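What follows is one structure encoded as structure tokens, with my remarks underneath.
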Amino acid sequence: MYSICRRIIFLETVAGVPGMVAAMTRHLHSLRRMRRDYGWIHTLLEEAENERMHLLTALHLKRPGPFFRACVILGQGIFVNFFILSYLISPRFCHRFVGYLEEEAVITYTKCLNQIDRGYLPMWAKMDAPDIARTYWQLKPDAKMRDVILAIRADEAHHRLVNHTLASINPEQKNPYKPGE
Ligand SMILES: [Fe+2]
Ligand SMILES: [Fe+2]
């Protein structure tokens, strides 16, 4: 159980990076070139915010120790720099890459749901949804952790669609997703 918690928490600390870096890069690009952004920035910021909520929710399953936190700091230091550089070189590659990562996230959460249903994660099966998750996803008062995982998986499937779409259109084309979509 703790290995899946560790995997989820670590992945979510990384997952919140691309949206923020991509939004920042496009924001700075817009300022520098004195050109409009075509509506991408808000979608990317929303994705980053959404991933951060996944992380804050996952922290209710397990509190990471000092070694884990050190790995997160190191991982962030490497990944942020790698992603900024990659985004400057090829935004299309980055969105495609994130699209595939999101597919992996959907698979991870599906495995997690299967484990709950097969009785391998008895603690999660009976655990109530944390308050932060119930408020954020507007879940029913009696929502369980399983409902939260379902909501998170739906978010990941949406990120997958958005990123594959952004990878398939020209970076100067209008973003088809409006804020909140
Ligand atoms: Fe996530
Ligand atoms: Fe995601």
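Each residue of the sequence shown is one higher than the one before, starting from 1 at the first, in the working numbering.
The beta-carbon is built from N, C-alpha and C at its ideal position, and this holds for glycine as well.
Predicted model only: the values in this text are computed from it and were never measured.
Check this for me: beta carbons of residue 94 and residue 176, under 8 angstroms apart or not?
Contact flag unset, no.
Please determine whether the Cβ atom of residue 37 lies at a distance below 7 angstroms from any heavy atom of ligand 1.
No, the Cβ of residue 37 stays beyond 7 angstroms of every heavy atom of ligand 1.
Keeping to the same chain, check which residues put their C-beta closer than 6 angstroms to that of residue 155; ignore five residues upstream and five downstream.
50
Excluding five sequence neighbours on each side, which residues of the same chain lie with their C-beta closer than 8 angstroms to the C-beta of residue 36?
In chain order, 30 place their CB closer than 8 angstroms to the CB of residue 36, counting only its own chain and leaving out the 5 sequence neighbours on each side.
Limits of the alpha helix (DSSP H) - the one that residue 75 falls within:
Segment 66 to 89, the alpha helix (DSSP H) holding residue 75.
Run the proximity test for residue 155: is its beta-carbon closer than 7 angstroms to any non-hydrogen atom belonging to ligand 1?
Yes, since a heavy atom of ligand 1 falls inside the 7 angstroms radius drawn around the Cβ of residue 155.
Would you say residue 46 touches ligand 2, meaning its beta carbon is less than 7 angstroms from a heavy atom?
The answer is no for residue 46.
Assign residue 44 to buried or exposed, taking buried as 16 or more other Cβ atoms, counted over all protein chains shown, within 10 Å of its Cβ.
buried
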